[in-house]
Amino acid sequence: MNEGVPAAYRGARSTIRATPEVIAEGQTLYTTNCASCHGAEGLGDGEAGRSLVPSPALLRWFVQMPMSGDEYLLWAISEGGQRFGTEMPAFREALTEEEIWKIIAYMRAGFP
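Residue 286 is where the sequence shown ends in the numbering used here, and the numbering goes up by one at each step.
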């Protein structure tokens, strides 16, 4: 984080509009890929995340922080947490970039 986003992700911006349909798709993707650790409402209280050290990020609040720009979120989800010393897996092979943007849209919508 202190070293900045890698060059491959600098300037990345979401390619989708946060329509109700996109947010619903993002919710499905989040539930399938993220909720087991980060919790259904992004509170870091998912069953699989309870034994992780450090604990999963509190995404409900994290996505509202200034540092959580598009490029940072795309990078963190795509590449996983190894660089941050966490066990978050990289999702670049499991999810398309568009699917990651949908998850981000869902989180930014406040986990409705």
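Cβ atoms here follow ideal geometry from the backbone N, Cα and C, with glycine treated the same way.
For leucine 203, report the span of its alpha helix (DSSP H) as first-last.
Here residue 203 refers to the residue found at position 29 of the sequence shown. Here the alpha helix (DSSP H) through leucine 203 covers 194-207.
When you compare each of Asn207, Met281, Gly255, Tyr246 to leucine 226 by their alpha carbons, which one comes out closest?
For the purposes of this step, residue 226 is identified with residue 52 of the sequence shown, where counting begins at 1. Of the candidates Asn207, Met281, Gly255, Tyr246, the one whose C-alpha sits nearest the C-alpha of leucine 226 is Gly255.
Would the stretch 241-255 count as touching the stretch 270-282 if we require 3 or more Cβ pairs under 8 Å?
Touching, per the Cβ criterion.
Going by beta carbon distance, what residues of the same chain come within less than 7 Å of tyrosine 183, once the five residues before and after it are set aside?
Counting from one through the sequence shown, the residue named residue 183 turns up at place 9. Hits under 7 Å: Glu245, Leu248, Trp249.
What separation, rounded to the nearest whole angstrom, lies between the Cα atoms of glutamate 261 and serine 242?
Along the sequence shown, read from residue 1 onward, the residue named residue 261 stands at position 87. Along the sequence shown, read from residue 1 onward, the residue named residue 242 stands at position 68. Cα to Cα, the separation comes out at about 19 Å.
Quick check: the Cα distance between leucine 203 and phenylalanine 236, rounded to an integer number of angstroms?
Taking the sequence shown and counting its residues from 1, the one referred to as residue 203 is at position 29. Taking the sequence shown and counting its residues from 1, the one referred to as residue 236 is at position 62. When rounded, the distance between both Cα atoms is 19 Å.
Could you check the C-alpha separation between cysteine 211 and proline 180 for me, to the nearest Å?
Residue numbering aside, residue 211 sits at position 37 when the sequence shown is read from its first letter. Residue numbering aside, residue 180 sits at position 6 when the sequence shown is read from its first letter. If you take the alpha carbons of cysteine 211 and proline 180, they lie about 25 Å apart.
Residues in the same chain with beta-carbon distance under 7 Å from glutamate 221, minus the five sequence neighbours each way, listed in chain order, please.
One-based indexing of the sequence shown puts residue 221 at position 47. Ser210, listed in sequence order.
Which full runs of the alpha helix (DSSP H) of 4+ residues lie inside the stretch 231-281, going along the chain?
Those alpha helix (DSSP H) runs which fall completely within the stretch 231-281 and span 4+ residues are 233-236, 244-253.
Measure the C-alpha to C-alpha separation of alanine 268 and arginine 257 and round it to an integer number of angstroms.
Along the sequence shown, one-based indexing puts residue 268 at 94. Along the sequence shown, one-based indexing puts residue 257 at 83. Each residue's alpha carbon lies about 19 Å from the other.
Under 7 Å between the Cβ atoms of glutamate 195 and phenylalanine 285?
Taking the first residue of the sequence shown as position 1, residue 195 is located at position 21. Taking the first residue of the sequence shown as position 1, residue 285 is located at position 111. For glutamate 195 and phenylalanine 285, no; Cβs fall outside 7 Å.
Determine the direct distance from the alpha carbon of glutamate 273 to that of glutamate 199, and round the result to whole angstroms.
Against the sequence shown, residue 199 aligns to sequence position 25. Against the sequence shown, residue 273 aligns to sequence position 99. Rounded to whole angstroms, glutamate 199 to glutamate 273 spans 8 Å at the Cα level.
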